[in-house]
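Undergrad: Dropping the structure in here first, questions after.
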Amino acid sequence: MALRPDPLPRRGARELSVTEIRNALRCPRVFALGRARRQAVAFPIGASSLGALFHRIAERFARELEAPPEPVRALPPHAPRERVADGLSAWLLGHLVDELEANPSAASMPGEIDDLAEALRELARYLAKQIEGTGHGPAEALRSFLQHTELAVDAVLDASGGVPVRVSGRIDAVYCRARGAVDVVEYKLTDEANQELDQAQVALYRYLLRYALDLDADPLILRFKPGLIETKLSPVAADGIVERTLLPLLGKMVSWSERPENAPATSRRDLCPTCPVRPACVETYRDALEPRDQPPAGAARPMPDPAGRLTLPPPREPIGALPNDTEGMAEAEALATQIVSQLKRQGVIASLGRKTVGPRLLRIEVTSPRQRVAQLDRAAQDVEHHLAGYNVRFEREEARRYFTAPRKVPRKVDLETLLARKAAFLRERPGRFVLGEGLDGEVIAGDLADGSSCHLLVAGQTGSGKSVLLRALIVGLCHFHPPAAIQFTLVDPKRVTFGGLAAGIGAHLAGPIVYDVEALLAELDALVAEMEERYTLFEHRKVQSIDDYNDTAPVPLPRRVVVVDEFQDLIASRATRQPFLDVVKRLGSMARAAGIHLVLATQRPDRTTVPGEIKANLGGRVALRVQEVVNSRIILDQGGAEELLGKGDFYADLGHGLVRGQAPMA
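Per UniProt numbering, numbering through the sequence shown is continuous, rising by one, with the last residue being 666.
What follows is the structure, given as structure tokens:
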């Protein structure tokens, strides 16, 4: 079908927006449900949480070109490019400061704010380069170059079946270069995983611009990660996308808008966990995918709502010490009274030591100064029997004796509080993380730079909270650091473990989430090669680790963290078992100083799944509830994990002894 602008509006044309078309390319049901609700959905998956903020700053900058600030207005026609870029950067960053003051939610993502600032500097450098050598002052040259921003355009297209469809949208910018060349420009803060969608969008804008302003423009994508990646499509390729893909899609969209129940499911099932219209999808389409676990409560990262606005939980009082847990203390006192009473019945006069009130667990220390410890140990079995309704357990820890019991009403542990309490530790350098809260109220935290916990082995059966703990670990690693400092490779065979993080940490991903575990081998081989390259750089600079290198290098290296859920599929296959074990040994023994780390998780910790090569090279251990004592011994070299409470109750050994804690609960 030939592409030609339609100069006259046609009666009866259906109306669609470019946002809706982009939604339909990604998930037809998101479009159909948005139409049914009469509300276009700003789909957040794979989008930068701060993309809208970038666009507002760019639009405000363009509006002020007629009256630029004095430092830019005073620049002479032949000012050096670096000086022009500095002036434009200060202009753009001033608007960023204004936005942060007006939008406190954005300030909760310091890493992304750092990258947004760098993206604005990259835009300033790009514009300075484009206007260099024009013979005009920078302000005048910019007015000629940046002709339009947030330009509203629309056109009537012939969809498949001859149905006229009016398509409307807003173009980010139109650049007018020397000799009459014109670019239709889209700014993107997402990664290359969205490249196909972005190309379709800018190709469609080329057509709409040709209709609205009779301009034959070249499609251009400026992607800030935060470094600038420039992608230009040829007019022939852009028109081919519209003809082969978009025009047929428009006809289908007209049908789906009339009968939403006929819209097919997306092939990207990883999008479902954080889809903004998922509740309506579950109700309308019974085959919708439900996630097995919800994201960590209070994940402390704003998420776009269906309209694309950032949302945060209600503001709280400053987080400092633990709250006064009066309910827990009262429950501990009542349990202690019961224990002393039962011991007395067995002829043991016990004294109470410290009462520890954790989020999920109570621990009562007991001593018997007048009697032998063996007598207390024997009596403890009867106490367990008589207080079985409380699920009381007797524990020995060297010379100390404890009774533990789960709380009737657990105290919620949320990730936001943990991150706030350990903010100073986490901010100091990338690679530090939190796992949860210990029995004594301390935050259990670790450091990938520590040789004892540079790689982690995580195990827990279904319902143990393993997926939630993994997400909390990832959020803690990246919350205070920009994508330039830490990047993740996430492997998710279940397709639900990490989907909920995509909107919040998309910029921190080194690539799309990997769903085929066999594809992981290529990723790991690439990391081995990167490790070797990093050590070559270290040798040239005469440093021994990534931290030493980053202290002096002009371009710091990011830490790379590979998180694999259910790695046992690689072990089970003969074709992948040995190559996987070989690369784990290589990275496990050598990659710490290079800033490359492995986090391997499984729900079946047995001798087949966790052979010696895995245990020897993954020093940090986290065990959630497992089925049998043998599974606990595989992970921790001792029993105990089989008696955990589930739902985030864990034992961790990060090289400084075994500790028990509670991961953030959903």
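Ideal Cβ positions, reconstructed from N, Cα and C, are used throughout, including at glycine.
Note that the structure is a prediction, hence the values are computed from the model and not measured.
Between A553 and V630, what straight-line distance do the alpha-carbon atoms span, to the nearest angstrom?
TA: Distance between the alpha carbons of A553 and V630: 48 Å.
Undergrad: Am I right that L645 and R396 are in contact with their C-beta atoms under 8 Å? What's the rounded C-beta distance?
TA: About 20 Å; that fails the 8 Å criterion.
Undergrad: Give me, in chain order, the residues of the same chain whose beta-carbon lies closer than 7 Å to that of P80; leave out the 5 immediate sequence neighbours on both sides.
TA: Closer than 7 Å at the Cβ level, and outside the excluded window around P80, lies no residue.
Undergrad: Going by DSSP, what residues sit across from P164 in a beta bridge?
TA: Paired residues: D158.
Undergrad: Report the start-end ranges of each beta strand (DSSP E) in the stretch 226-253 that is 3 residues or longer and not cut off at the edges.
TA: Correct list: 228-232.
Undergrad: To the nearest angstrom, how far is it from the Cα of residue 670 to the Cα of V610?
TA: With the chain represented from 1 up to 666, any question about residue 670 goes unanswered, as that position is not in the structure.
Undergrad: Does G320 pass the burial test, meaning 16 or more other C-beta atoms within 10 Å, or should it be called exposed?
TA: Here G320 scores only 45 on pLDDT, less than 50, and its place in the model should not be relied on; the value that follows carries that caveat. Classification of G320: exposed, given that the 10 Å Cβ count is below 16.
Undergrad: Which residues does DSSP list as the beta-bridge partners of P219?
TA: Beta-bridge pairing links P219 to V184.
Undergrad: Would you identify the three-state DSSP class for R372, choosing helix, strand or coil?
TA: The answer is coil: DSSP assigns R372 none of H, G, I, E or B.
Undergrad: Would you please verify whether the beta carbon of V434 is less than 9 Å from any beta carbon of chain B?
TA: This model lacks chain B altogether, as it is built from one protein chain only.
Undergrad: What are the boundary residues of the beta strand (DSSP E) that K355 is part of?
TA: Unbroken beta strand (DSSP E) run through K355: 351-357.
Undergrad: Can you tell me which of V84, R35, Y205, G353 puts its alpha carbon nearest to the alpha carbon of P369?
TA: Checked all of V84, R35, Y205, G353; the closest Cα to P369 is G353.
Undergrad: Write down the C-beta distance between L581 and L600 rounded to the nearest angstrom, noting that I regard them as a contact closer than 8 Å.
TA: That pair is no contact at about 11 Å.
Undergrad: Within the same chain, show all residues whose beta-carbon is closer than 8 Å to that of C478, passing over the 5 residues directly before and after it, in chain order.
TA: These residues qualify, in order along the chain: G111, I486, F488, I505, H508.
Undergrad: Does DSSP put Q638 in a helix, in a strand, or in coil?
TA: Q638 falls in the coil class under three-state DSSP.
Undergrad: In angstroms with no decimal places, state the Cα-to-Cα distance between A102 and L53.
TA: One C-alpha to the other measures close to 11 Å.
Undergrad: For A263, which of C281, L247, L246 has the nearest alpha-carbon?
TA: Minimum Cα distance to A263 is reached at C281.
Undergrad: In this structure, does DSSP put D653 in helix, strand or coil?
TA: Strand at D653.
Undergrad: So who's on the other strand from H148, going by DSSP bridges?
TA: Paired residue(s): V174.
Undergrad: Give me the DSSP bridge partner(s) of S17.
TA: Paired residue(s): S168.
Undergrad: Going by C-alpha distance, which of L470, L25, V626 is nearest Q195?
TA: Of L470, L25, V626, the residue nearest in Cα terms is L25.
Undergrad: What do you reckon, is the C-beta of L233 under 8 Å from a heavy atom of the ligand FAD?
TA: As far as ligands go, the structure on display features none, and thus does not contain the ligand FAD.
Undergrad: In whole angstroms, what is the alpha-carbon distance linking T602 and F567?
TA: About 6 Å.
Undergrad: Evaluate G162 with the Cβ neighbour count: other Cβ atoms within 10 Å of its Cβ, from every protein chain shown; 16 or more gives buried, anything less gives exposed.
TA: Per the 10 Å Cβ criterion, exposed.
Undergrad: Secondary structure at residue 668, three-state DSSP: helix, strand or coil?
TA: For the chain, the structure presents residues 1 to 666; residue 668 sits outside this window and is missing.
Undergrad: Please identify the residue among R143, G169, A119 whose C-alpha is closest to the C-alpha of R63.
TA: Cα-wise, what sits closest to R63 is R143.
Undergrad: Around the C-beta of D565, are 16 or more other C-beta atoms found within 10 angstroms, so that it is buried, or is it exposed?
TA: Under this definition D565 is a buried residue.
Undergrad: Out of I339, E122, G347, point me to the one whose CA is closest to K355's CA.
TA: It is I339.
Undergrad: Residues in the same chain with beta-carbon distance under 6 Å from E642, minus the five sequence neighbours each way, listed in chain order, please.
TA: Within the same chain, E642 has close Cβ partners V626, E628, V629, S632.
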